[in-house]
Ligand SMILES: [Fe+2]
Ligand SMILES: [Fe+2]
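Below you can see the structure in the form of structure tokens.
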């Protein structure tokens, strides 16, 4: 924990620019803090208003995570003298694209937000707040990682470093916009606290590439699917944030395309049997996490007129097709057996959650969970071992990142 904290320390001062809850204008709000699993929150890390209520959100396996990596290895990977696969021309072109800053003036709020928030009541209001919190945390997590990569790669590869910094600019905007959304509900996420107190998950660089590529692309498909659905069914447009998703998701798409270019420059992460196994593993964990998470929050998706499972399967299938352009192997998610397995995992997960909510003694709860966790693991393993789809391109030079509009 301490080592991970050291890695992120240099950037923790950046958070106030989002409109941190430390600012006086937030004094009437509640400050939301996500608990760090192992460490009790240090009471002196931030000084929110004394009046603020602190809602501590429980962290679980499915909560959005913060990541850190081996920055020294990253420096080696992006050293143009060591790695001759780095196509600097392509990175220059991508940098120009990021500098264009298509969404510079996109994230401007209006009075519709507060009015819409005031109309949301009961369970839907609560689930909306949770959606904003989780999305804000996920965006903020990207901001922290990209900001640090931008800083650490400055000397070794200034072009790649600048792209990371510009991506952190995008994620800061996204997180800030979502946090402003929370202010419509008289809440604010304590991002300064999150930076310091949250547990960071360490991934080696190649795993960061797989995981981040997938999370950007799945983010793109989630946002664009919600946007298109609400455009076709405006009666479900109950909060204006969704109107911003069309341009917003293009940021995520560009981020994903940048990771494609990064992986092309590291063919050792794409061209052997280990890469195939890891690709499938990351696809599975990202898809299952989303499916289980969303199936716990069907009220939200139904609230905006979506069928949760249909929405998720659409997002999974499209993300998988996009991913197949770069990963050497992907899952056969269009095989109906894959969805059946996901649905069985949802059932098992619901039973596990029900045990957690029961009045049993902790020991009894743990004992009851054992066979269910074993069943969940066996479903996961069976899904992982389903015949995969060979994908990607051996001749990576022919692959060009494309924007999907
Ligand atoms: Fe984002
Ligand atoms: Fe992103």
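In our numbering, the protein residues as written are 7 to 411. Each residue gets a CB set at the ideal place from its N, CA and C atoms; glycine is no exception.
{"Check": "For ligand 2, I want to know if residue 156 counts as a neighbour, meaning its beta carbon is within less than 6 angstroms of at least one of the ligand's heavy atoms.", "Outcome": "no"}
{"Check": "Is residue 88 helix, strand or coil by DSSP?", "Outcome": "coil"}
{"Check": "Which of helix, strand or coil does DSSP assign to residue 348?", "Outcome": "helix"}
{"Check": "Between which two residues does the beta strand (DSSP E) containing residue 123 stretch?", "Outcome": "Run containing residue 123: none in the beta strand (DSSP E); it sits in the alpha helix (DSSP H), 118-125."}
{"Check": "What number of angstroms, rounded off, separates the C-alpha of residue 268 from the C-alpha of residue 275?", "Outcome": "10 angstroms"}
{"Check": "Give every residue of the same chain whose Cβ lies closer than 6 angstroms to the Cβ of residue 309, excluding the five residues on either side of it in the sequence, and list them in chain order.", "Outcome": "130"}
{"Check": "Taking 6 angstroms as the cut-off, does the CB of residue 258 come closer than this to any heavy atom belonging to ligand 2?", "Outcome": "yes"}
{"Check": "Got a sec? Which residues, its chain only, sit under 6 angstroms from residue 208 by beta carbon, not counting five neighbours each side?", "Outcome": "74"}
{"Check": "Residue 164: buried (16+ other C-beta within 10 angstroms of its C-beta) or exposed?", "Outcome": "exposed"}
{"Check": "For residue 90, count neighbouring Cβ atoms within 10 angstroms of its own Cβ and tell me buried if that reaches 16, exposed if not.", "Outcome": "exposed"}
{"Check": "Below 8 angstroms on the Cβ atoms is my guess for residue 2 versus residue 251; work out the distance and round it to an integer in Å.", "Outcome": "Outside the displayed span of the chain (7 to 411) sits residue 2, for which this structure offers no information."}
{"Check": "Please report the distance separating the alpha-carbon of residue 92 from that of residue 140.", "Outcome": "35 angstroms"}
{"Check": "How far does the beta strand (DSSP E) with residue 194 in it reach, from first residue to last?", "Outcome": "193-195"}
{"Check": "Take residue 374 and list the residues in its own chain whose beta-carbon comes closer than 8 angstroms to its own, dropping the five residues that flank it on each side.", "Outcome": "361, 366"}
{"Check": "Label residue 27 either buried or exposed according to how many other C-beta atoms from any shown protein chain fall within 10 Å of its C-beta, with 16 as the threshold for buried.", "Outcome": "Annotation note: pLDDT 31 at residue 27 (below 50); position unreliable, no value reported."}
{"Check": "Note the first and the last residue of the continuous alpha helix (DSSP H) segment covering residue 293.", "Outcome": "279-301"}
{"Check": "On the DSSP bridge assignment, give the partners of residue 396 in chain order.", "Outcome": "335"}
{"Check": "In whole angstroms, what separates the C-alpha of residue 341 from that of residue 77?", "Outcome": "39 angstroms"}
{"Check": "Quick check: the Cα distance between residue 63 and residue 393, rounded to an integer number of angstroms?", "Outcome": "Because residue 63 carries a pLDDT of 47, less than 50, the predicted location of this residue cannot be relied on, and the following value inherits that uncertainty. Near 39 angstroms, if we compare the C-alpha coordinates of residue 393 and residue 63."}
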